[in-house]
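Participant:
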Amino acid sequence: MTQVELLSPAGTLRNMRYALAYGADAVYAGMPRYSLRVRNNDFLPNNLAQGIAETQAQGRKFFVAANIMPHGAKLKTFIDDMAPVLELGPDALIMADPGLILLVRERWPEQAIHLSVQANTMNTASVRFWQRQGLTRVILSRELSLEEIAEIRQACPDMELEVFVHGALCIAYSGRCLLSGYFNHRDANQGSCTNSCRWDYAVRPDAAESGSGVAPPRHPLAEQAYLLEESERPGELMPIEEDEAGTYIMNSKDLRALEHVQRLVEIGVDSLKIEGRTKSHYYVARTTQVYRRAIDDALAGRGLNSRLMADLESLANRGYTDGFLQRHQTQELQSYRQNSSQSERQIFVAEVVGQGADGWVELEAKNRFAIGDRLELITPEGNQDLRLEQMRLADGRPITEVPGGGYRVQVPLPGQSLDRALLARYLDKA
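Going by my numbering, the sequence shown opens with residue 110, and the numbers climb by one from there.
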């Protein structure tokens, strides 16, 4: 294989630009009304037109997600809403619902369509079925193993295949969860998921047992692990752990398949996809840079650089798993004890927003940093470590510390081109 596409999320124009700067071959964004990210979606008509134009001007591709499972009311407006979008010339639509796919195929038969992961494509027969419907790519279900992906590749050599390699995982089958609809009347399959699986659930006996109808206080043994035993599986105990913060029994760890990039390249997967349209531009830049290097190394026959694994550890995460790509015990997939990252090797502290002629650059602070800190300068051209030795305000007055986000300061940084450069602070004392 001579090329493998790296596909990065574009929840905003800003994120899109960072993704392209840091090595994405393609980006994907959603239509607010018809994708699974109806909230926090920057791609209203004007931004969508601008995003498609900027991406294609760089020789990259822009895909538009319209992958909800709609109720009948949305069918009435779908064609009229899609017409101006398709006039913009997106490289493909990402779709899941057979009815919406039928409507697009009837009206715009030449439009490339990629089958969304929401369609749960698990086998070669399903891939062949969608190929007969005129689709050009299938995004395979996250619930497949490497061996199953290889089997599909062998059986369907002339169909493009896409696989998720990084990002959030759902406890339900590729997002088909009822929790958000139950608690908040916000349907995950309509793009309104509130991530109810990641909330704090206390482990308690039934409230009625207290006699007052009010849940009793946390049991003194709550800091120990409760064990569930299913009646048909005696002796197979599943721990439900709770600490002072509660329990996150339904909270899946995040997907990280970096160690499998070389194998996926060897299998012949056409596109490796990063999840995260609601994440920050720092997340998009960091993950895109890491997977770009991993793909390039795999294509060149080089092994995995262990530093890339460390770079991903520095991102906020719920613990990492490689999901279903290999067989695991349950505790390797679920994060029972916390809903956020325990890794604090680095923290994003600033981005470069201006560059002067004297070698000093202007930073917009995101978190605290100070003179003496060890920093990593992250740029599209490459990264380097440095020790912060000088810092000043815009009027030239020296300062020793930035207390947090919202401040603008100037520091000397190496390098000629620092466009879209970011700074992360090491949290160790070395």
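Note that the Cβ used here is the ideal one computed from N, Cα and C, for glycine as well.
None of the values given here were measured: they were computed from a predicted structure.
Could you tell me the alpha carbon to alpha carbon distance between G276 and W217, rounded to whole angstroms?
Facilitator: Working through the sequence shown from its first residue, we reach residue 276 at position 167. Working through the sequence shown from its first residue, we reach residue 217 at position 108. Spanning the two alpha carbons is a distance of roughly 32 Å.
Participant: Three-state secondary structure (DSSP) at N155?
Facilitator: Counting from 1 along the sequence shown, the entry for residue 155 is found at position 46. Reduced to three states, the DSSP call for N155 is helix.
Participant: Might you give, ordered along the chain, the residues of its own chain that have their beta carbon closer than 6 Å to the beta carbon of Y400, omitting 5 neighbours on each side?
Facilitator: As a working note, residue 400 is residue 291 in the sequence shown. L115, listed in sequence order.
Participant: Less than 8 Å between the C-beta atoms of Y392 and L424, yes or no?
Facilitator: To locate residue 392, count along the sequence shown from 1; it is residue 283. To locate residue 424, count along the sequence shown from 1; it is residue 315. Contact: yes.
Participant: For T430, which beta-bridge partners are listed by DSSP?
Facilitator: As a first step, residue 430 must be located in the sequence shown, where it is residue number 321. Paired residue(s): L364.
Participant: Buried or exposed, going by whether 16 or more other CB atoms sit within 10 Å of the CB of Q438?
Facilitator: As a position in the sequence shown, residue 438 is number 329, starting the count at 1. The predicted position of Q438 is uncertain, since its pLDDT is 45 and thus under 50; no value can be drawn from it.
Participant: Below 8 Å, how does it come out for the region 517-536 and the region 468-484: are there three or more Cβ pairs, yes or no?
Facilitator: Touching, yes.
Participant: Output yes or no for whether 8 Å exceeds the beta carbon distance between I480 and L497.
Facilitator: Mapped onto the sequence shown, residue 480 falls at position 371. Mapped onto the sequence shown, residue 497 falls at position 388. Result yes, Cβ atoms of I480 and L497 sit closer than 8 Å.
Participant: Less than 8 Å between the C-beta atoms of T230 and V213, yes or no?
Facilitator: In the sequence shown, residue 230 corresponds to position 121, counting from 1. In the sequence shown, residue 213 corresponds to position 104, counting from 1. Not a contact, by the Cβ cut-off of 8 Å.
Participant: Just verifying my parser: in three-state terms, what is the DSSP assignment at K183?
Facilitator: Residue 183 sits at position 74 when you count from the first residue of the sequence shown. Helix.
Participant: Three or more beta-carbon pairs under 8 Å between the region 251-262 and the region 192-202, yes or no?
Facilitator: no
Participant: Can you tell me the Cα-Cα spacing of S526 and R126, whole angstroms?
Facilitator: The residue labelled residue 526 in the question sits at position 417 within the sequence shown. The residue labelled residue 126 in the question sits at position 17 within the sequence shown. Between S526 and R126, the C-alpha separation is close to 16 Å.
Participant: Can you grab the Cα-Cα spacing for the pair D482 / M140, in whole Å?
Facilitator: For the purposes of this step, residue 482 is identified with residue 373 of the sequence shown, where counting begins at 1. For the purposes of this step, residue 140 is identified with residue 31 of the sequence shown, where counting begins at 1. Taking the straight line from one Cα to the other gives about 42 Å.
Participant: Assuming I376 and R262 form a contact by the criterion Cβ under 8 Å, report the distance between their Cβ atoms to the nearest whole angstrom.
Facilitator: Taking the sequence shown and counting its residues from 1, the one referred to as residue 376 is at position 267. Taking the sequence shown and counting its residues from 1, the one referred to as residue 262 is at position 153. The pair is a contact, with the Cβ atoms about 5 Å apart (cut-off 8 Å).
Participant: Would a C-beta distance cut-off of 8 Å place L145 and Q227 closer than the cut-off?
Facilitator: Looking up residue 145 in the sequence shown gives position 36. Looking up residue 227 in the sequence shown gives position 118. In this structure, Q227 lies closer than 8 Å to L145 by Cβ.
Participant: Could you tell me the alpha carbon to alpha carbon distance between A259 and F478, rounded to whole angstroms?
Facilitator: Counted from its first residue, the sequence shown places residue 259 at position 150. Counted from its first residue, the sequence shown places residue 478 at position 369. Cα to Cα, the separation comes out at about 47 Å.
Participant: Should C265 and T233 be called a contact, given that it needs their Cβ atoms to be closer than 8 Å?
Facilitator: On the sequence shown, position 156 is the one that residue 265 refers to. On the sequence shown, position 124 is the one that residue 233 refers to. A contact, by the Cβ cut-off of 8 Å.
Participant: For W217, which three-state DSSP category applies?
Facilitator: Sequence index remark: in the sequence shown, residue 217 carries index 108 (1-based). Note: W217 maps to coil in three-state DSSP.
Participant: Cutting at 6 Å between CB atoms, please list the residues of its own chain near E453, excluding the five before and the five after it.
Facilitator: Locating residue 453 in the sequence shown gives position 344, counting from the first residue. With a pLDDT of only 47 at E453, under 50, the local geometry of the prediction cannot be trusted, and the value read off the model is given with reservation. Same-chain partners within the cutoff: L536.
Participant: Give me the Cα-Cα distance between A530 and P343, rounded to the nearest whole angstrom.
Facilitator: Counting from 1 along the sequence shown, the entry for residue 530 is found at position 421. Counting from 1 along the sequence shown, the entry for residue 343 is found at position 234. A530 and P343 have their C-alpha atoms roughly 56 Å apart.
Participant: Quick one: what's got a C-beta closer than 6 Å to D420's C-beta in the same chain, skipping five residues either side?
Facilitator: Taking the first residue of the sequence shown as 1, we reach residue 420 at position 311. Counting only Cβ-Cβ distances below 6 Å, and skipping sequence neighbours, we find V399.
Participant: Heavy atom of the ligand NAD less than 7 Å from the Cβ of R142, yes or no?
Facilitator: With respect to small molecules bound, the structure shown includes none, and the ligand NAD cannot be examined in it.
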